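Residue numbers for the sequence shown follow the working numbering, beginning at 26 and rising by one.
Every residue, glycine too, gets a C-beta built ideally from N, C-alpha and C.
No experiment lies behind these values; they were computed from the predicted model shown.
Only one structure is covered here, and it is reproduced in the block below.
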Amino acid sequence: MMRRTLVLGAWLLVTPVFAAAEPPRPGDVLVGMFEWWNEAYQDPEGFTPEAFARFFDDDAVMVINGNARGPGPVAIARHFRAIQAAVDEVEILLPFREGFDEGARSFTYHYTRAEVDGETRYSRVMGYALVRNGRIALIDFINLPIEGVPPPALGHDRGADAHLLWLLEALFEELLEASPMLAARLDRGVPRGEWDGFSAAARAAEAERLQRWQARLQAEVDRSTLSPRAALQLDVALEELALRLERLDWWAQSYPLNQIVGLHVEIPNLLINHHPISNEADARAYIQRLEGVGPLLREFVADMALREEAGVLMPRAVYPRLIEATRSLLGGAPLEAGEAHPLWRDFQRKLAALELPPAREQALMADAEAALRGEFRAGYGALLARLEDEAARTPIDGGVGQLPDGDAYYRFLLRLFTTTDISPEEVHALGLAEVARIREEMRALMREVGFEGELAEFFTQLREDERFLLPDDDEGREAYLALARELVAGAMARLDEVVTVPPDSDVVVRRFPAYREAGAPGGFYSAPAEDGSRPGIIELNLANMASNPLYALDALIYHEGPPGHHLQIASMLADPAIPQLRKVYVWWLNTAFIEGWALYAELLASEMGLYRDDYAEFGRLSAELWRAVRLVVDSGLHSRGWTREQALDYMADTLPATAEANAREVDRYLAVPGQATAFKIGMQRLLELRAQARQTLGEDFDIRAFHDEILAHGNVPLWAIEQAIAQWLEAQQVAQ
Numbered sequence: 026m027m028r029r030t031l032v033l034g035a036w037l038l039v040t041p042v043f044a045a046a047e048p049p050r051p052g053d054v055l056v057g058m059f060e061w062w063n064e065a066y067q068d069p070e071g072f073t074p075e076a077f078a079r080f081f082d083d084d085a086v087m088v089i090n091g092n093a094r095g096p097g098p099v100a101i102a103r104h105f106r107a108i109q110a111a112v113d114e115v116e117i118l119l120p121f122r123e124g125f126d127e128g129a130r131s132f133t134y135h136y137t138r139a140e141v142d143g144e145t146r147y148s149r150v151m152g153y154a155l156v157r158n159g160r161i162a163l164i165d166f167i168n169l170p171i172e173g174v175p176p177p178a179l180g181h182d183r184g185a186d187a188h189l190l191w192l193l194e195a196l197f198e199e200l201l202e203a204s205p206m207l208a209a210r211l212d213r214g215v216p217r218g219e220w221d222g223f224s225a226a227a228r229a230a231e232a233e234r235l236q237r238w239q240a241r242l243q244a245e246v247d248r249s250t251l252s253p254r255a256a257l258q259l260d261v262a263l264e265e266l267a268l269r270l271e272r273l274d275w276w277a278q279s280y281p282l283n284q285i286v287g288l289h290v291e292i293p294n295l296l297i298n299h300h301p302i303s304n305e306a307d308a309r310a311y312i313q314r315l316e317g318v319g320p321l322l323r324e325f326v327a328d329m330a331l332r333e334e335a336g337v338l339m340p341r342a343v344y345p346r347l348i349e350a351t352r353s354l355l356g357g358a359p360l361e362a363g364e365a366h367p368l369w370r371d372f373q374r375k376l377a378a379l380e381l382p383p384a385r386e387q388a389l390m391a392d393a394e395a396a397l398r399g400e401f402r403a404g405y406g407a408l409l410a411r412l413e414d415e416a417a418r419t420p421i422d423g424g425v426g427q428l429p430d431g432d433a434y435y436r437f438l439l440r441l442f443t444t445t446d447i448s449p450e451e452v453h454a455l456g457l458a459e460v461a462r463i464r465e466e467m468r469a470l471m472r473e474v475g476f477e478g479e480l481a482e483f484f485t486q487l488r489e490d491e492r493f494l495l496p497d498d499d500e501g502r503e504a505y506l507a508l509a510r511e512l513v514a515g516a517m518a519r520l521d522e523v524v525t526v527p528p529d530s531d532v533v534v535r536r537f538p539a540y541r542e543a544g545a546p547g548g549f550y551s552a553p554a555e556d557g558s559r560p561g562i563i564e565l566n567l568a569n570m571a572s573n574p575l576y577a578l579d580a581l582i583y584h585e586g587p588p589g590h591h592l593q594i595a596s597m598l599a600d601p602a603i604p605q606l607r608k609v610y611v612w613w614l615n616t617a618f619i620e621g622w623a624l625y626a627e628l629l630a631s632e633m634g635l636y637r638d639d640y641a642e643f644g645r646l647s648a649e650l651w652r653a654v655r656l657v658v659d660s661g662l663h664s665r666g667w668t669r670e671q672a673l674d675y676m677a678d679t680l681p682a683t684a685e686a687n688a689r690e691v692d693r694y695l696a697v698p699g700q701a702t703a704f705k706i707g708m709q710r711l712l713e714l715r716a717q718a719r720q721t722l723g724e725d726f727d728i729r730a731f732h733d734e735i736l737a738h739g740n741v742p743l744w745a746i747e748q749a750i751a752q753w754l755e756a757q758q759v760a761q
């Protein structure tokens with residue numbers, strides 16, 4: 026019978042319990058287990074739950090290329106029996122090509138061999154195992170198939186590439202170990218009960234870690250031995266480490282919270298969306314996190330006080346949205362009478378699914394209630410008091426130019442977010458030019474739909490035309506969500522026109538939870554789980570339906586969903602050749618590529634004919650105009666001394682948006698200086714690269730192959746995309 030191809034990493038890191046006086050080294054555990062596994066594979070009865078219970082913790086989890094198995098020996102045994110049934114022969118090639126121990130973790134780089142339908146296939150495996158008390162608690166590996174070349178024949182360059190990937194995986198795992206919140210967001214390992222640290226000591230530890238990895242990559246990797254693709258990954262990693270260190274140097278100037286992403290909303294978001302409860306231990310970890318909110322937010326508030334000592338408070342206009350969002354999390358049962366608090370409702374729902382004995386369930390519920398009433402409420406109360414106090418005292422009413430070293434800080438932020446050396450003056454000039462160009466396109470489209478009058482009059486008509494507005498009630502919101510889902514489905518069906526192999530990952534559309542709506546943008550995308558257990562999520566802000574005209578919905582969906590962020594991020598997650606470090610989206614890192622692609626996708630959807638009508642096309646132009654206006658307003662606020670009122674006046678004169686939407690945007694630019702410039706700058710560069718590729722290749726230009734290459738390197742800066750496309754074009758010309 027036909028047998029499927031094995032994609033084997035090292036689910037194989039299973040270890041017997043050692044009876045020595047001191048626990049064995051993790052590396053010894055790995056080697057011993059690999060030897061056992063090779064023998065056990067030959068025995069059809071070798072992989073039993075009882076056997077694996079000797080080698081794995083009860084809650085052990087295995088992850089390969091982001092796909093998880095477990096927890097526990099029963100699930101692990103089931104997985105290996107499936108491999109036995111499908112693959113003729115498998116061997117872990119020993120000794121390891123390379124390996125080292127760090128604490129309880131053993132990092133390895135090795136090969137596997139599989140016989141499939143008479144064909145020998147090899148894979149390169151890199152990653153680590155976490156060993157506790159002589160048994161495996163966690164396995165996390167990346168698997169890279171080797172095309173037709175046995176390991177002994179691998180050239181030096183391939184070995185150097187593999188060593189770099191191995192080091193990058195080790196760096197990634199150390200970052201996860203240091204950040205329980207990042208590990209949770211990425212669904213890695215069993216749910217933990219801790220939060221990240223936000224103290225001076227935590228920042229010092231982060232700086233030490235970054236400097237140590239800088240030195241290690243520079244010492245252990247000879248760039249001249251790497252392939253061009255691997256050399257690019259090395260350059261990106263070193264620049265990221267340097268940027269993270271430089272960002273720490275600007276710690277005092279950085280605002281601790283903003284209305285879009287901040288600890289105040291991240292706490293409930295993480296618990297609700299990224300803390301599953303599969304057993305009683307997970308429930309206890311959830312409660313531990315609730316109990317930890319008090320110490321966490323008190324530490325955070327103390328850190329805010331240190332910023333004030335350095336002369337930094339947030340802009341006055343930012344505080345009301347932060348206060349509203351924070352206060353909303355202090356209401357609801359069991360904190361006070363009324364509807365259930367979102368975390369209380371979430372914990373009840375997840376716990377009920379376990380079907381525990383009533384007494385145990387009631388005990389857990391009582392502990393969760395006590396945690397919410399106690400440390401959770403105390404922590405948010407402390408944060409609310411600090412925000413209200415700062416709001417009454419802050420002297421800041423404009424951009425970061427009012428902060429100590431504000432001009433230099435803004436130039437750093439432009440470099441951080443755009444991944445270019447563009448100056449504030451160049452940002453402003455580009456914005457003015459793009460605003461003029463896009464408004465001319467809008468005038469042409471306005472004439473096509475038969476409107477006689479000025480562009481400002483057309484803007485007013487669009488804002489007031491009831492054809493484009495749904496009722497501000499539950500029925501109107503449901504109709505809006507239904508249309509959004511139709512647009513997503515239509516775009517998903519045509520992704521094979523955008524890339525060669527679309528990712529097999531679904532996306533859902535839903536409303537923002539109430540506690541986030543006050544400061545949330547119009548839409549927001551959250552990545553799917555790498556193992557497919559959770560779809561991508563598009564959240565829409567439906568607080569005021571007057572701010573959600575139907576003509577603007579198409580562009581919003583194509584930006585956040587397919588072919589925008591959903592295609593971009595799901596493609597990266599599905600590609601095993603991309604290092605895990607490059608699959609992580611941190612909101613401030615490589616924003617020009619992440620958001621530039623999504624804005625480019627709005628135009629791409631137009632080129633594909635996805636927009637419903639001319640008014641939806643006008644909505645797309647409005648969205649692009651909005652991003653061009655950001656260049657003008659952001660640089661105006663932070664480098665030219667514009668007041669909030671000046672920014673609002675400019676937006677009112679230039680955009681078709683409501684006054685409420687404009688105020689929300691200006692307050693965003695005040696709270697997150699520099700970030701808003703990255704969208705248009707990233708889009709511009711991608712369009713320039715596409716034009717260059719089309720001119721170079723002529724009739725041989727394949728837009729799907731071009732997009733494949735754009736998305737093949739993960740979350741990287743624009744200069745890395747430029748280098749990758751240059752290498753790709755050279756290879757394409759050779760192939761011609």
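Where residue i sits in the DSSP three-state scheme
i	result
GLU447	In the sequence as presented, Glu is not what sits at residue 447; that position holds Ile. In this structure, ILE447 counts as coil in the three-state DSSP scheme.
LEU163	strand
ARG536	strand
ASN92	strand
ALA751	helix
ALA46	Since pLDDT at ALA46 reaches only 49, below the 50 mark, its modelled position is unreliable, and no value is offered.
ASN687	helix
LEU179	Reliability of the predicted coordinates at LEU179 is poor, the pLDDT of 44 falling under 50, and no value is obtained from them.
PRO170	strand
ARG524	It is worth fixing the name first, because residue 524 is Val in this sequence and not Arg. Three-state result, VAL524: coil.
ASP725	helix
PHE80	coil
Cross-strand partners of residue i (DSSP beta bridge)
i	result
PHE125	PHE132
THR137	ILE117 and SER148
LEU772	With the chain running from 26 to 761 in the structure shown, residue 772 is simply not present.
TYR550	ILE563
VAL741	According to DSSP, which records beta bridges pairwise, VAL741 is partnered with nothing at all.
MET517	According to DSSP, MET517 bridges with nothing at all.
MET87	ARG94 and ILE164
Supposed close pair residue i, residue j - CB separation, criterion 8 Å
i	j	result
LEU662	ALA672	6 Å
ASP126	PRO51	5 Å
ASP82	ILE171	Not quite, the Cβ-Cβ distance comes to about 31 Å (not below 8 Å), so this is no contact.
LEU624	GLU649	7 Å
ASP659	THR702	5 Å
ALA516	TYR610	Wrong, their Cβ atoms sit about 20 Å apart, outside the cutoff.
SER285	GLY544	Reading off the sequence, residue 285 comes out as Ile, not Ser. Right, the Cβ-Cβ distance comes to about 6 Å (below 8 Å), so this counts as a contact.
PRO74	GLY159	Between GLY159 and PRO74 the Cβ distance is about 19 Å, and since that is not below 8 Å, they are no contact.
LEU295	ARG374	No, LEU295 and ARG374 are not in contact; Cβ-Cβ is about 16 Å, not under 8 Å.
PRO601	GLN258	Their Cβ separation, rounded to whole angstroms, is 14 Å, which puts PRO601 and GLN258 out of contact at 8 Å.
| said: Assess contact between the segment 332-350 and the segment 240-254, defined as three or more Cβ pairs (one per stretch) separated by less than 8 Å. Is contact present? | reply: Using a C-beta cut-off of 8 Å, the segment 332-350 makes no contact with the segment 240-254, since fewer than three inter-stretch Cβ pairs fall below that distance.
| said: If we require 4 or more residues per run, which alpha helix (DSSP H) segments fall completely within the segment 207-264? | reply: Runs of the alpha helix (DSSP H) lying entirely within the segment 207-264 and spanning at least 4 residues, in chain order: 225-245.
| Whole beta strand (DSSP E) elements within the segment 418-463, 3-residue minimum | None, since the segment 418-463 contains no complete beta strand (DSSP E) of that length.
| request: Scan the segment 619-666 and note each continuous beta strand (DSSP E) run of 3 residues or more that stays entirely inside, going in chain order. | output: Look at the segment 619-666 and you find no whole run of beta strand (DSSP E) that is 3 residues long or longer.
| query | Are at least three pairs of beta-carbons, each pair with one atom in the segment 222-230 and one in the segment 617-633, less than 8 Å apart? | reply | Segments in contact, no.
| query | Quick one: complete alpha helix (DSSP H) runs, 4+ long, within the segment 311-372? | reply | With a minimum length of 4 residues, the unbroken runs of alpha helix (DSSP H) contained wholly in the segment 311-372 fall at 344-353.
| request: Would you mind listing the alpha helix (DSSP H) stretches within the segment 278-317 that are 4+ residues and don't spill past its ends, in chain order? | output: Taking 4 residues as the minimum length, the alpha helix (DSSP H) runs contained wholly in the segment 278-317 are 288-299, in order along the chain.
| query | Which full runs of the beta strand (DSSP E) of 3+ residues lie inside the segment 572-617, going along the chain? | reply | Counting only unbroken stretches of 3 or more residues, no beta strand (DSSP E) element lies wholly within the segment 572-617.
| request: Report yes or no: do the segment 472-488 and the segment 555-562 share at least 3 C-beta pairs separated by less than 8 Å? | output: Contact between the segment 472-488 and the segment 555-562 is absent, because fewer than three Cβ pairs lie under 8 Å.
| query | Okay, do the segment 321-332 and the segment 271-285 touch, 3+ Cβ pairs below 8 Å being the bar? | reply | With a cut-off of 8 Å, the segment 271-285 and the segment 321-332 count as touching, because enough Cβ pairs lie within range.
| Quick one: complete alpha helix (DSSP H) runs, 4+ long, within the segment 464-506? | 480-489, all fully within the segment 464-506.
| field | the segment 335-345 contacting the segment 532-541, beta-carbon criterion three pairs below 8 Å | value | Contact between the segment 335-345 and the segment 532-541 is absent, with fewer than three C-beta pairs closer than 8 Å.
| field | Stretch pair the segment 737-757 + the segment 436-444: three plus CB contacts closer than 8 Å | value | Counting Cβ pairs under 8 Å, three or more are found: they touch.
| task | For the segment 53-71 and the segment 117-134, state whether three or more C-beta atom pairs, one from each stretch, are separated by less than 8 Å. | result | These segments touch.
| message | If contact is defined by three or more beta carbon pairs under 8 Å, each pair taking one atom from either stretch, is the segment 724-736 in contact with the segment 449-467? | response | Note that the segment 449-467 does not touch the segment 724-736; fewer than 3 beta-carbon pairs, one per stretch, sit closer than 8 Å.
| Counting Cβ pairs, one atom from each stretch, are 3 or more of them under 8 Å apart for the segment 520-529 and the segment 572-592? | Counting C-beta pairs with one atom in each stretch, the segment 520-529 and the segment 572-592 have three or more that are closer than 8 Å, which means they touch.
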